[in-house]
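These notes concern the structure reproduced below.
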Amino acid sequence: MSPRRGRPPFSVPYRLEGIDMPNTHTWAERRRKVLGLLSVTLLALTVLVTTANAAQAGPGPFYYIVAEHSGKVLMPENHSKDPGVRIVQMPRGGFGAQHWKVRHVENLSNGQTIRKFENRHSHLCITIVDHEPGLLTQDQCETGGWYREWTVSNWNDLWAERPVKIWSHESNLCMDMYGGWVDDYTPAAQYWCHSGPNQTFRVDYVEGT
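For the sequence shown, the positions run 1 to 209 when the UniProt record's numbering is used.
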(Lines of atoms letter the chains of each structure in order from A and count residues from 1; the text may use other names and numbers.)
(Lines give C-alpha, C1' and ligand atoms only; values in the text may rest on other atoms or scores of the structure.)
Protein backbone atom coordinates (compact mmCIF):
# COMPACT_ATOMS: atom_id res chain seq x y z
CA MET A 1 0.00 0.00 0.00
CA SER A 2 1.35 3.38 -0.88
CA PRO A 3 1.83 5.74 2.05
CA ARG A 4 -1.03 8.11 2.76
CA ARG A 5 -0.46 11.83 2.43
CA GLY A 6 -1.85 14.70 4.43
CA ARG A 7 -2.39 15.27 8.11
CA PRO A 8 -2.38 12.06 10.20
CA PRO A 9 -5.65 11.54 12.11
CA PHE A 10 -3.86 10.27 15.20
CA SER A 11 -1.28 11.49 17.69
CA VAL A 12 2.40 11.13 16.80
CA PRO A 13 5.06 9.85 19.25
CA TYR A 14 7.85 12.24 20.22
CA ARG A 15 10.82 11.87 22.52
CA LEU A 16 11.15 13.48 25.94
CA GLU A 17 14.33 12.92 27.93
CA GLY A 18 15.10 9.79 25.95
CA ILE A 19 11.69 8.15 26.57
CA ASP A 20 9.04 7.58 23.94
CA MET A 21 5.93 9.40 25.09
CA PRO A 22 2.55 9.69 23.43
CA ASN A 23 1.83 13.14 22.05
CA THR A 24 -1.59 14.09 23.34
CA HIS A 25 -1.79 17.24 21.20
CA THR A 26 -3.54 16.92 17.90
CA TRP A 27 -2.06 18.56 14.79
CA ALA A 28 -4.79 21.20 14.85
CA GLU A 29 -3.93 22.19 18.42
CA ARG A 30 -0.22 22.34 17.66
CA ARG A 31 -0.89 24.41 14.55
CA ARG A 32 -2.95 26.93 16.53
CA LYS A 33 -0.17 27.28 19.12
CA VAL A 34 2.51 27.78 16.45
CA LEU A 35 0.43 30.41 14.65
CA GLY A 36 -0.20 32.17 17.95
CA LEU A 37 3.52 32.30 18.73
CA LEU A 38 4.27 33.60 15.23
CA SER A 39 1.67 36.35 15.60
CA VAL A 40 3.17 37.50 18.91
CA THR A 41 6.69 37.46 17.43
CA LEU A 42 5.66 39.46 14.36
CA LEU A 43 3.87 42.01 16.52
CA ALA A 44 6.96 42.46 18.70
CA LEU A 45 9.19 42.88 15.64
CA THR A 46 6.80 45.45 14.16
CA VAL A 47 6.90 47.49 17.37
CA LEU A 48 10.70 47.36 17.47
CA VAL A 49 11.12 48.41 13.83
CA THR A 50 8.58 51.22 14.15
CA THR A 51 10.27 52.53 17.30
CA ALA A 52 13.72 52.39 15.69
CA ASN A 53 12.53 54.24 12.58
CA ALA A 54 10.82 56.92 14.64
CA ALA A 55 13.97 57.47 16.70
CA GLN A 56 16.12 57.68 13.59
CA ALA A 57 13.90 60.10 11.69
CA GLY A 58 13.70 62.60 14.53
CA PRO A 59 11.33 65.56 14.68
CA GLY A 60 11.42 68.61 12.44
CA PRO A 61 11.29 71.37 11.52
CA PHE A 62 13.66 71.03 8.57
CA TYR A 63 15.02 73.69 6.24
CA TYR A 64 16.72 74.10 2.89
CA ILE A 65 20.06 75.93 3.11
CA VAL A 66 20.03 78.16 0.03
CA ALA A 67 23.12 79.72 -1.55
CA GLU A 68 21.93 83.23 -2.39
CA HIS A 69 24.22 83.75 -5.40
CA SER A 70 22.96 80.63 -7.21
CA GLY A 71 19.55 79.91 -5.68
CA LYS A 72 20.63 76.29 -5.26
CA VAL A 73 20.51 74.29 -2.03
CA LEU A 74 23.13 72.41 -0.03
CA MET A 75 23.18 68.63 0.23
CA PRO A 76 25.65 65.73 0.63
CA GLU A 77 27.01 64.83 -2.79
CA ASN A 78 24.92 62.12 -4.51
CA HIS A 79 22.60 61.81 -1.46
CA SER A 80 25.40 59.98 0.36
CA LYS A 81 25.04 58.86 3.97
CA ASP A 82 28.80 58.37 4.37
CA PRO A 83 31.00 60.50 6.65
CA GLY A 84 33.59 62.56 4.80
CA VAL A 85 31.44 63.19 1.72
CA ARG A 86 31.58 66.79 0.56
CA ILE A 87 28.64 69.21 0.68
CA VAL A 88 27.58 70.56 -2.74
CA GLN A 89 24.91 72.81 -4.23
CA MET A 90 22.15 71.38 -6.43
CA PRO A 91 18.75 72.52 -7.75
CA ARG A 92 15.98 72.14 -5.19
CA GLY A 93 14.26 68.78 -5.61
CA GLY A 94 12.48 68.10 -2.34
CA PHE A 95 14.79 65.24 -1.38
CA GLY A 96 15.46 64.36 2.26
CA ALA A 97 19.16 64.87 1.55
CA GLN A 98 18.37 68.56 0.92
CA HIS A 99 16.64 69.00 4.29
CA TRP A 100 18.58 70.25 7.30
CA LYS A 101 17.73 70.45 10.99
CA VAL A 102 19.19 73.53 12.69
CA ARG A 103 20.17 72.14 16.10
CA HIS A 104 20.77 74.39 19.10
CA VAL A 105 24.09 73.83 20.88
CA GLU A 106 24.60 76.72 23.31
CA ASN A 107 24.20 80.44 23.90
CA LEU A 108 27.44 82.40 24.28
CA SER A 109 27.98 85.26 26.72
CA ASN A 110 28.35 87.67 23.77
CA GLY A 111 24.77 86.94 22.72
CA GLN A 112 25.67 84.62 19.87
CA THR A 113 23.98 81.24 19.53
CA ILE A 114 25.89 78.16 18.37
CA ARG A 115 24.11 75.67 16.11
CA LYS A 116 24.75 72.52 14.10
CA PHE A 117 23.28 71.68 10.70
CA GLU A 118 22.15 68.04 10.68
CA ASN A 119 21.08 66.35 7.45
CA ARG A 120 17.68 64.65 7.50
CA HIS A 121 18.81 61.83 5.19
CA SER A 122 22.27 60.98 6.52
CA HIS A 123 21.87 62.23 10.12
CA LEU A 124 25.38 63.69 9.78
CA CYS A 125 26.37 67.32 10.37
CA ILE A 126 28.15 69.88 8.20
CA THR A 127 31.76 70.11 9.36
CA ILE A 128 35.06 71.76 8.57
CA VAL A 129 38.14 69.56 8.14
CA ASP A 130 40.75 71.86 9.71
CA HIS A 131 41.45 75.55 10.35
CA GLU A 132 42.48 76.37 6.79
CA PRO A 133 40.29 77.28 3.81
CA GLY A 134 38.92 74.07 2.35
CA LEU A 135 35.88 72.03 1.43
CA LEU A 136 33.05 71.25 3.85
CA THR A 137 31.99 67.66 4.45
CA GLN A 138 29.50 65.79 6.63
CA ASP A 139 30.45 63.79 9.72
CA GLN A 140 29.11 62.40 12.99
CA CYS A 141 27.23 65.14 14.85
CA GLU A 142 28.25 64.15 18.38
CA THR A 143 32.00 64.09 17.72
CA GLY A 144 34.44 66.67 16.42
CA GLY A 145 33.81 69.39 18.99
CA TRP A 146 33.60 72.88 17.53
CA TYR A 147 34.34 71.57 14.02
CA ARG A 148 30.60 70.87 13.59
CA GLU A 149 29.45 74.16 15.13
CA TRP A 150 28.34 77.33 13.36
CA THR A 151 27.02 80.78 14.09
CA VAL A 152 25.43 83.41 11.85
CA SER A 153 25.48 87.17 11.48
CA ASN A 154 21.89 87.48 12.73
CA TRP A 155 19.70 84.58 13.88
CA ASN A 156 16.53 86.67 13.66
CA ASP A 157 17.26 87.27 9.99
CA LEU A 158 17.94 83.57 9.49
CA TRP A 159 14.58 82.51 10.95
CA ALA A 160 12.87 85.21 8.88
CA GLU A 161 14.44 83.54 5.80
CA ARG A 162 16.57 86.59 5.05
CA PRO A 163 20.20 86.34 3.83
CA VAL A 164 22.94 85.93 6.45
CA LYS A 165 26.61 85.07 6.70
CA ILE A 166 27.53 81.79 8.43
CA TRP A 167 30.92 81.11 9.99
CA SER A 168 32.66 78.28 11.80
CA HIS A 169 32.82 78.42 15.60
CA GLU A 170 36.20 76.65 15.39
CA SER A 171 38.05 78.48 12.61
CA ASN A 172 36.08 81.76 12.28
CA LEU A 173 36.14 81.25 8.51
CA CYS A 174 32.94 81.80 6.56
CA MET A 175 30.76 79.29 4.74
CA ASP A 176 31.45 79.84 1.04
CA MET A 177 30.47 78.39 -2.34
CA TYR A 178 33.78 77.53 -3.96
CA GLY A 179 34.96 80.06 -6.54
CA GLY A 180 31.58 81.78 -6.62
CA TRP A 181 30.45 79.21 -9.18
CA VAL A 182 26.75 78.62 -9.83
CA ASP A 183 27.16 75.17 -11.43
CA ASP A 184 25.61 71.99 -10.04
CA TYR A 185 27.99 70.08 -7.75
CA THR A 186 29.89 73.23 -6.80
CA PRO A 187 31.28 72.33 -3.36
CA ALA A 188 30.64 74.31 -0.20
CA ALA A 189 33.80 75.47 1.54
CA GLN A 190 35.11 77.60 4.37
CA TYR A 191 37.10 80.64 3.31
CA TRP A 192 38.29 84.00 4.59
CA CYS A 193 35.21 86.15 5.14
CA HIS A 194 34.48 88.79 2.47
CA SER A 195 31.49 90.67 1.09
CA GLY A 196 30.98 88.47 -1.97
CA PRO A 197 27.50 87.04 -2.69
CA ASN A 198 28.82 83.46 -2.64
CA GLN A 199 29.18 83.78 1.16
CA THR A 200 25.52 84.68 1.69
CA PHE A 201 22.94 82.04 2.61
CA ARG A 202 19.37 81.78 3.84
CA VAL A 203 17.15 78.98 5.11
CA ASP A 204 13.74 78.11 3.64
CA TYR A 205 11.29 76.09 5.73
CA VAL A 206 10.41 72.64 4.33
CA GLU A 207 6.61 72.57 4.24
CA GLY A 208 5.01 69.86 6.32
CA THR A 209 7.94 69.33 8.67
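All C-beta atoms in this analysis are idealised placements derived from N, C-alpha and C, irrespective of residue type, glycine included.
Per DSSP, the continuous alpha helix (DSSP H) segment holding TRP159 begins and ends at 155-159. VAL88 sits away from TYR147, with the two beta carbons spaced by 9 Å or more. For the 9 Å CB-CB criterion, THR151 and GLN112 form a contact. If you draw a straight line from the Cα of PHE117 to the Cα of PRO76, it comes to about 12 Å. Where GLU207 is concerned, there is no enclosing beta strand (DSSP E), because DSSP gives it neither an H nor an E.
Where VAL73 is concerned, the enclosing beta strand (DSSP E) starts and stops at 73-76. The residues GLU68, HIS69, GLY180, in chain order, have a CB closer than 8 Å to that of PRO197 in the same chain once the five nearest residues on each side in sequence are set aside.
Two segments are said to touch when three or more pairs of C-beta atoms, one from each, lie closer than 8 Å; by this definition the region 130-139 does not touch the region 156-163. Rounded to the nearest whole angstrom, the C-alpha separation of THR143 and GLY84 is 13 Å. DSSP places HIS104 within a strand segment (E or B) once states are collapsed to three.
If you look at TRP167, you'll find it in the beta strand (DSSP E) that goes 166-168.
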